[in-house]
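Going by our numbering, the sequence shown opens with residue 6, and the numbers climb by one from there.
Note that beta-carbon positions come from the ideal geometry of N, C-alpha and C, so glycine has one too.
Before any comments, here is the structure.
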Amino acid sequence: MIKRAIKTSAAILFAASMITGVSAQTVPESDDPIIIVQNNWTSQLVLSNVVGKVLEGMGYTVEYKPSDSQLQFTAIANGDMHFQIEAWEGSMKSAYEKGLKEGMVDAGTHDAVTREEWWVPSYVAEKCPGLPDWKALDKCASIFATAETKPKGRFVGPPADWGKNYAERVEALKMNFVAINVGQAATLWAELQSAYDRKEPIVLFNWTPNFIEAKFKGMFIDFPDPDGDKCATDKSWGMNPDMVNDCGAPKKAWLKKAAWKGLAKQFPAAWGVMQKINFSNAQIAAASVMVDVDGLSPEEAAEKWISENAGLIASWKK
Ligand code: TMO
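Structure follows, in C-alpha cells:
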C-alpha cells in the first residue's frame, strides 16, 4: 500500500514536471543497492553506517562490503563497491592515487586534518629524554625490548592491510627496532592498556582523530617530513641515499572520500549527499569514542551519532 502510494505520488510529480518543464526525479532513482565499503577501524565502521542509514532514510537500498584498505580503491574504480567515507593520506595515498588513474572518483576532502604515526604515552618521555624526536626514541630503543625483539626495541605496528611497512622505515633509518604487526586494531589498544596500567614503555602505531586522545595522554614521534612524494619515490632523497621510506608520515594529512563514477548517473540524490558529507576532527573522534570508550556497537553508535547531528545531516540533503 505504502509502495503504491509512493509510486502514485511519483507519477503525479512526474506529470507535474511534464507540465512545468522542470525535471524532477524521484528518490530513490534506482532500487539497486548502493555498496558502502567497510574497513577495520572504529570511526570508519561508525561513519560508514551513518552514511548507509542516511541513504536508507532517503529510500535507497544499501549494502556493506568489507574491504582491504589498499585494494578497495581498485574495487571502487571497477564499480564492485561504490563509496568510501575515510581514505587516509598517511596510509593510503598511493593506493588512492592508483584508484583515481583506474577511474575512481575523488568525492571530496573532509575538513579533518589527520596523522598516522608511531606514538608513545606521556610517561615514556620521562624514561626517554628528547622525545618526540625519532633519534631520541632510537637511543632509548632497548627500553622497548621484548623477549621477541631484544636487544632491539619492539614497535607495535598496525595490521598489514593498513599499507605501511614499518620494517622498511626501520631499515631505511637504521633504527634499533623491530616492527611487529598486530592482526587487528583491538590488539593495539590491549597492548597499550596493559603497558599503561603498569607504566611500562611502549611505542605503537596510532592515529588522529581517534578515541585515544579522550582516554590516554601521549605524543606522536616526529620523523623526517616526507616532502611530498620525494621520500617514497626518490632513493637519493633523505638521510639514506640508497633507500626510499627514510621518513615519517605527513603531520597534517588529508582525509578524503572515494566513489564509483557511476553514482552520479544512477543515484544522483545520493551522490549529492555523499559530496556534501564533510567531517571535522571532533566529529570523527566522537564516533570512535562511542564504540571504544562507551562500548556501543558501530550500528548503535551510528544511530546515536545521527540523532546528535540532525542539523548537520539535514544540511547534506539540501
Ligand atoms: C587507517 N587508520 C586510520 C587506521 O590509520
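Query, Result
"Using DSSP with H/G/I as helix, E/B as strand and the rest coil, what is Val-161?", "strand"
"Straight-line CA distance for Glu-308 to Asn-181?", "46 Å"
"Ignoring anything shorter than 4 residues, give me the alpha helix (DSSP H) runs that lie fully in the segment 105-137, in order along the chain.", "128-132"
"Cβ atoms of Arg-120 and Thr-213: under 7 Å apart, would you say?", "yes"
"Please determine if the segment 263-282 and the segment 34-41 are in contact, where contact requires at least 3 C-beta pairs separated by less than 8 Å.", "yes"
"Could you compute how far the alpha carbon of Ala-306 sits from the alpha carbon of Asp-232?", "37 Å"
"Specify the secondary structure class of Phe-210 as computed by DSSP and reduced to three states.", "strand"
"Out of Thr-154, Ala-150, Pro-163, Leu-178, state which residue places its alpha-carbon closest to the alpha-carbon of Trp-139.", "Leu-178"
"On the DSSP bridge assignment, give the partners of Phe-272 in chain order.", "Phe-272 pairs with nothing; no bridge assigned."
"Could you tell me the distance, in whole angstroms, from the CA atom of Val-298 to the CA atom of Phe-216?", "7 Å"
"Let me check understanding here. Comparing Cα to Cα, which of Phe-160, Gln-89, Asn-83, Ala-82 lies closest to Glu-68?", "Gln-89"
"Count the CB pairs spanning the segment 93-113 and the segment 256-273 that are closer than 8 Å, and state whether there are at least three.", "yes"
"By a C-beta neighbour count over all protein chains shown, 10 Å radius and 16 as the cutoff for buried, is Ser-302 buried or exposed?", "exposed"
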